[in-house]
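One point on numbering: in the working numbering, the residue at position 102 of the sequence shown is 103, and numbering is uninterrupted. Cβ coordinates follow ideal geometry from the N, Cα and C atoms, glycine included. Here the structure comes first, spelled out in structure tokens, and everything after it is commentary.
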Amino acid sequence: MGTRVPGKGGWPTGTYLDMLRPRSQSALLGLGVPQTYRHGEVILRESERSSHVVLLCRAVVKATVSLENGRMALLSIKVGGDVIGEMAALNDEPRSATVTVCGEAQVRVIQSDEFQHYLANFPDANLALTKMIMQTLRWADKRRVDFNGYPAFVRLARALDELAQNYGREVPDGTTLDIGLTQRELGALVGVEEDTARRELRLLRSRGVISLGYRTITVLDQEALSAIAHCNGEPR
């Protein structure tokens with residue numbers, strides 16, 4: 002579930018379950034039915050008409066949306082302790098994104114009416130859901146600010162720095178980001194073409210900041226990556 006410091010009940014800090022009181026946690030974990038997804042399977046699909054909520058118990062998933070030019074944009078990443086699909090459950094609108102599993106996912110599928118009844122009975126859960134939605138919006142806002150204020154090399158470093166801190170797994174050489182993101186998806190995240198993302202990743206690799214594997218990136222020098230992420234220019 003990443004390198005986030007465990008919070009209440011062992012859930013990663015900042016996730017939905019971590020923001021709940023123990024009684025609310027237990028009640029939510031008792032809702033719905035358990036289900037397991039394999040790597041690459043779609044949990045929710047953009048534009049589909051469904052309203053259930055999915056509680057991620059042990060999982061890493063990515064939410065993507067189709068653009069008019071045929072490309073895919075990466076909207077967010079969620080981990081164990083988060084919920085997904087909450088917007089459709091609350092406003093009865095079609096799904097706004099496709100959610101795909103990275104690795105194996107253990108979840109609980111909760112019907113809309115059951116989830117809404119839960120929110121009505123646990124005020125702290127209602128407030129926590131609002132906070133979680135705001136976190137997702139802030140993530141998207143950061144990417145927009147990065148796009149307008151920084152060159153591609155710095156934008157990529159900023160995204161990798163944040164992803165590694167939130168979702169990385171500690172290994173002897175550093176921190177591995179093995180949530181299944183492709184170089185095209187990383188490019189979409191920071192607003193560049195796949196070729197540009199590949200070039201900038203190779204530059205980071207040549208400097209000894211990262212190493213690259215099949216859909217994995219290992220941060221070898223976190224200090225150097227953070228320095229690039231917080232600079233205003235495009236050092237070469």
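Which complete beta strand (DSSP E) runs does the stretch 137-183 hold, if anything under 3 residues is left out?
Correct list: 170-172, 175-178.
Got a sec, what are the start and stop residues for the alpha helix (DSSP H) Arg206 sits in?
195-207
Please state whether DSSP places Pro124 in a helix, a strand or coil.
helix
For my contact list, Arg199 and Gln184 are in at a C-beta cut-off of 8 Å; report their separation, rounded to the angstrom.
5 Å
Classify Gln36: buried if its beta carbon has 16 or more other beta carbons within 10 angstroms, exposed otherwise.
It is exposed - the Cβ of Gln36 has fewer than 16 other Cβ atoms within 10 Å.
Could you give the DSSP three-state label for Leu68: helix, strand or coil?
Coil.
Taking buried to mean at least 16 other C-beta atoms within 10 Å of its own C-beta, is Val62 buried or exposed?
buried
Given that a residue counts as buried once 16 or more other Cβ atoms are within 10 Å of its Cβ, and exposed if not, what is Glu201?
buried
What residue range does the beta strand (DSSP E) around Gln107 cover?
106-111
Just to confirm my understanding: we take Gln222, look at its own chain, exclude 5 residues before and 5 after, and list those with CB closer than 7 Å. What are they?
The sequence shown places Asp at residue 222, not Gln. Counting only Cβ-Cβ distances below 7 Å, and skipping sequence neighbours, we find Gly209, Val210.
Helix, strand or coil for Leu56? Go by DSSP, reduced to three states.
strand
Over what stretch of residues does the beta strand (DSSP E) that includes Ser77 continue unbroken?
73-80
With H, G and I counted as helix, E and B as strand and the rest as coil, what does DSSP make of Ser51?
coil
Between the C-alpha atoms of Val110 and Asp93, what's the straight-line distance to the nearest angstrom?
17 Å
Can you tell me whether Glu194 is buried or exposed? The criterion is at least 16 other CB atoms within 10 Å of its CB, across all chains shown.
exposed
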